[in-house]
Amino acid sequence: MCDWIGSNTDIFLYQELDAELADYFAASMEKIQVNDALHRFGLLAKANGYGGVSALLNSKESPRGIPFRFW
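Going left to right, the sequence shown walks through residues 171 to 241 as the working numbering numbers them.
The structure is reproduced here in C-alpha coordinates:
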(Lines of atoms letter the chains of each structure in order from A and count residues from 1; the text may use other names and numbers.)
(Lines give C-alpha, C1' and ligand atoms only; values in the text may rest on other atoms or scores of the structure.)
Protein backbone atom coordinates (compact mmCIF):
# COMPACT_ATOMS: atom_id res chain seq x y z
CA MET A 1 0.00 0.00 0.00
CA CYS A 2 2.76 2.44 0.86
CA ASP A 3 4.32 2.11 -2.58
CA TRP A 4 0.91 2.49 -4.24
CA ILE A 5 0.11 5.68 -2.33
CA GLY A 6 3.66 7.00 -2.58
CA SER A 7 3.71 6.58 -6.35
CA ASN A 8 0.51 8.62 -6.77
CA THR A 9 1.56 11.78 -8.60
CA ASP A 10 -1.52 13.70 -7.43
CA ILE A 11 -0.01 13.75 -3.94
CA PHE A 12 3.69 13.11 -4.41
CA LEU A 13 5.69 14.77 -7.14
CA TYR A 14 8.98 13.13 -8.02
CA GLN A 15 11.91 14.68 -6.23
CA GLU A 16 15.52 13.85 -5.65
CA LEU A 17 16.22 12.71 -2.10
CA ASP A 18 18.06 15.67 -0.62
CA ALA A 19 17.13 15.12 3.03
CA GLU A 20 17.76 12.56 5.72
CA LEU A 21 15.55 9.51 5.32
CA ALA A 22 13.76 10.16 8.64
CA ASP A 23 12.93 13.73 7.55
CA TYR A 24 11.74 12.54 4.13
CA PHE A 25 9.54 9.91 5.79
CA ALA A 26 8.05 12.46 8.20
CA ALA A 27 7.30 14.87 5.33
CA SER A 28 5.71 12.06 3.33
CA MET A 29 3.52 11.03 6.26
CA GLU A 30 2.43 14.64 6.67
CA LYS A 31 1.43 14.81 2.99
CA ILE A 32 -0.63 11.63 3.42
CA GLN A 33 -2.42 13.14 6.42
CA VAL A 34 -2.93 16.61 4.92
CA ASN A 35 -4.36 15.13 1.72
CA ASP A 36 -6.45 12.61 3.68
CA ALA A 37 -5.00 10.04 1.30
CA LEU A 38 -5.99 6.92 3.23
CA HIS A 39 -9.66 7.92 3.17
CA ARG A 40 -9.44 9.21 -0.40
CA PHE A 41 -8.14 5.89 -1.65
CA GLY A 42 -10.70 3.92 0.35
CA LEU A 43 -8.22 2.34 2.73
CA LEU A 44 -10.03 3.55 5.85
CA ALA A 45 -13.55 3.01 4.58
CA LYS A 46 -16.20 1.47 6.79
CA ALA A 47 -16.42 -2.27 6.23
CA ASN A 48 -19.76 -3.73 5.19
CA GLY A 49 -21.23 -6.75 6.91
CA TYR A 50 -20.81 -10.14 5.28
CA GLY A 51 -23.30 -10.49 2.45
CA GLY A 52 -22.08 -13.74 0.98
CA VAL A 53 -20.85 -14.28 -2.55
CA SER A 54 -24.15 -13.00 -3.94
CA ALA A 55 -23.37 -9.52 -2.60
CA LEU A 56 -20.40 -9.37 -4.99
CA LEU A 57 -22.41 -10.27 -8.09
CA ASN A 58 -24.73 -8.27 -10.33
CA SER A 59 -28.48 -8.68 -9.81
CA LYS A 60 -28.93 -11.24 -12.64
CA GLU A 61 -25.91 -13.34 -11.67
CA SER A 62 -25.76 -16.20 -9.20
CA PRO A 63 -22.88 -18.16 -7.71
CA ARG A 64 -22.11 -21.49 -9.34
CA GLY A 65 -19.80 -24.28 -8.43
CA ILE A 66 -16.99 -25.59 -10.54
CA PRO A 67 -16.89 -29.27 -11.48
CA PHE A 68 -14.45 -31.33 -9.52
CA ARG A 69 -12.80 -34.33 -11.11
CA PHE A 70 -10.38 -36.87 -9.75
CA TRP A 71 -7.61 -37.51 -12.23
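Every residue, glycine too, gets a C-beta built ideally from N, C-alpha and C.
Bear in mind the structure is a predicted one, so any value in this text is a computation, not a measurement.
Gly176 and Glu190 have their C-alpha atoms some 17 Å from each other. Per DSSP, the continuous alpha helix (DSSP H) segment holding Val204 begins and ends at 191 to 204. Across the set Arg239, Val204, Gly221, the C-alpha of Gly221 shows the shortest separation from the C-alpha of Pro233.
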